[in-house]
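**Q** In terms of the numbering used here, the sequence shown opens at residue 50 and continues consecutively. Pasting a structure below so you can have a look.
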Amino acid sequence: MNNRNRPFSPLIDDEYADSPGRRVLARLQAEKEAGRPAVGIYCCYAPLELIWAAGAVPVGLCATSQKPIPKAETILPANLCPLIKSSFGFIITDTCPFFKLSDLIVAETTCDGKKKMFELISDIKPMLTLELPQTPDYPASFLRWLESVRQMKAFLEKSLNLKITDQDIEAAIKEANQRRSLFLEIAGYARYEPPLITWIELKELAALIGVFPGDEVRSLMLNIIEKLEKRARHNNSGGDRRVRVMVTGCPLGGDAEKVYQVIEELDGRVVAQEACSGLKPLWTNIVEDTSDPLEAIARRYLDLPCSCMTPNTRRWRYMGDLIEKFKPDCIIDVVLSGCHTYNVESHLIKEHAKNELGLPFLKIETDYSEMDVVQIQVRIGALLEMIRT
Ligand code: SF4
Ligand code: SF4
């Protein structure tokens with residue numbers, strides 16, 4: 050790992066100082082041993098609050114490794130997005146410990162590849178596929194989605210043999226809002242010049258906030274804020290200004306992080322991650338203390354700006370907020386091969402960057418292999434050089 054990605058003393062203390070995956074897995078095992086069921090999820094549209102309200106632990110199952118893809122391609126088409134192939138490959142090779150530990154799966158009708166893949170795994174564990182309407186501006190879409198959210202509550206109650214009350218849901222909403230607000234406060238330290246937090250540090254923290262119990266996560270995040278305040282007091286760029294990059298597009302993790310690594314190796318800094326693997330699922334909170342907490346949950350989740358929505362105009366507002374806060378010098382839009390919705394929408398992002406934002410734009414289409422690293426280096430290198438000169 051490039052040392053420039055770790056320019057400060059660690060934010061996360063020794064007790065968590067293991068790889069994020071191992072740390073989350075160990076905690077999940079402990080939670081299961083303590084009697085808490087695990088609910089596997091694949092998307093930011095799955096309302097975490099309902100899982101917490103059921104006393105269960107949400108666990109993300111999207112996979113980001115090239116390793117199981119050849120096996121997945123014996124069943125799935127090779128030209129499908131690597132995220133779907135990787136997730137499926139881990140399941141059919143029985144090598145995903147998180148899937149193994151999941152008691153239930155909550156899926157949703159987002160992109161075509163994902164929803165058809167869900168059909169292939171639907172008989173392995175009890176699974177609910179939420180119908181997600183993709184025209185968020187239609188009033189009927191909201192009503193349909195609200196029905197899906199109610200269906201999820203009923204699914205959890207029946208599968209786990211319990212009752213979820215409005216009070217449970219309200220408490221989970223408040224808990225989730227607190228976690229999101231603290232996380233955003235931490236992510237906000239990237240607005241400094243130079244940024245006081247790196248994408249790796251944010252990734253490590255993001256991995257913890259779903260599985261670990263609320264008290265522990267809150268005290269961890271408050272401790273991190275103290276450390277960031279210290280960094281802010283000693284902040285001194287020394288005239289070393291690097292190009293600030295906002296990365297947009299598909300969720301990125303694991304083998305796709307090569308793009309972040311190239312940006313940092315070429316002396317750019319990732320200051321904002323627009324995708325679901327970054328700030329998108331955390332950017333907004335749920336309205337508290339309403340007469341129908343399920344409706345409040347449904348409203349907030351249907352507002353998420355994923356490219357499976359049409360039109361996805363909420364994405365402009367969200368990107369505008371990110372740009373105002375993190376002041377990037379350019380946008381790098383990363384599309385996973387086979388992801389048609391983000392790929393087509395990339396053209397709109399490019400036009401928006403040029404016409405509305407006045408920011409240089411570069412689109413990178415990639416997968417989880419190493420084959421295109423040199424090409425990515427050349428293209429990102431040219432963009433950063435153009436901005437510097
Ligand atoms: S990009 Fe869309 S489909 Fe993928 S995880 Fe995010 S919200 Fe879900
Ligand atoms: S990256 Fe695109 S194709 Fe892949 S799962 Fe997400 S929305 Fe679907």
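Each residue gets a CB set at the ideal place from its N, CA and C atoms; glycine is no exception.
#1: Leaving out the 5 sequence neighbours to the left and right, which residues in its chain are closer than 7 Å to Asp217 when beta-carbon positions are compared?
#2: Please work out which residues of its chain come closer than 6 Å, Cβ to Cβ, to Ile273, disregarding the five sequence neighbours upstream and downstream, and give them in chain order.
#3: Would you call the CB atoms of Leu125 and Met166 closer than 9 Å?
#4: Since I believe Ile429 is in contact with Leu411 (beta carbons under 8 Å), could you give me their beta-carbon distance rounded to a whole number of angstroms?
#5: Are the CB atoms of Lys174 and Thr142 within a distance shorter than 9 Å?
#6: Hey, how far is the Cα of Val108 from the Cα of Ala431?
#7: Assuming contact is defined by CB atoms lying nearer than 9 Å, are Cys92 and Cys325 in contact in what I supplied?
#8: Considering just the uninterrupted stretch of the alpha helix (DSSP H) at Met201, what are its terminal residues?
#9: Let's test the definition: count the other Cβ atoms within 10 Å of the Cβ of Pro360 and tell me whether it reaches 16, buried, or not, exposed.
#10: Would you kindly check if the distance between the Cβ of Asp264 and the Cβ of Val292 is under 9 Å?
#11: Below 9 Å between beta carbons: does that hold for Ile170 and Thr297?
#12: The alpha helix (DSSP H) spanning Val336 covers which residue range?
#13: In whole angstroms, what separates the C-alpha of Cys130 from that of Arg282?
#14: To which residues of the same chain is Glu250 closer than 7 Å at the C-beta, ignoring the five residues directly before and after it?
#15: How big is the Cα-Cα spacing for Ile213 and Arg349?
#16: Would you list the one or two residues that DSSP bridges to Gly89?
#17: If you measure between the beta carbons of Ile398 and Asp378, is that distance less than 9 Å?
#18: Taking a contact to mean a Cβ-Cβ separation below 9 Å, would you say Leu132 touches Ala156 in this structure?
#19: Taking 8 Å as the threshold, find out whether the region 178-195 comes into contact with the region 364-372 through three or more Cβ pairs.
#20: Are there any heavy atoms of ligand 3 lying less than 8 Å away from the beta-carbon of Thr297, as far as the coordinates show?
**A** Taking the geometry as given:
#1: Around Asp217: Ala102.
#2: These residues qualify, in order along the chain: Leu60 and Ile235.
#3: Yes, Cβ-Cβ distance for Leu125 and Met166 is below 9 Å.
#4: The Cβ separation is near 7 Å, so the contact holds.
#5: Contact annotation: Thr142 and Lys174 have beta-carbon atoms that are not nearer than 9 Å.
#6: Cα-Cα distance, rounded: 39 Å.
#7: Remark: C-beta atoms of Cys92 and Cys325 approach each other more closely than 9 Å.
#8: For Met201, the enclosing alpha helix (DSSP H) stretches over residues Pro188 to Leu209.
#9: Exposed, because fewer than 16 other Cβ atoms sit within 10 Å of the Cβ of Pro360.
#10: In terms of Cβ geometry, Val292 and Asp264 do not form a close pair [threshold 9 Å].
#11: Cβ atoms of Ile170 and Thr297: not closer than 9 Å.
#12: According to the DSSP assignment, Val336 belongs to no alpha helix (DSSP H), since it is labelled neither H nor E.
#13: Computed Cα separation, rounded: 44 Å.
#14: Cβ within range, chain order: Leu60.
#15: Within the model, the alpha-carbon separation for Ile213 versus Arg349 is close to 20 Å.
#16: Per DSSP, Val108 and Ile154.
#17: The answer is no: Cβ separation not under 9 Å.
#18: No; because the gap between Cβ atoms is not below 9 Å, this pair is not in contact.
#19: As far as the Cβ criterion goes, the region 178-195 does not touch the region 364-372, which means the pair count is below three.
#20: As for ligand 3, it is missing from this structure, which binds only ligand 1 and ligand 2.
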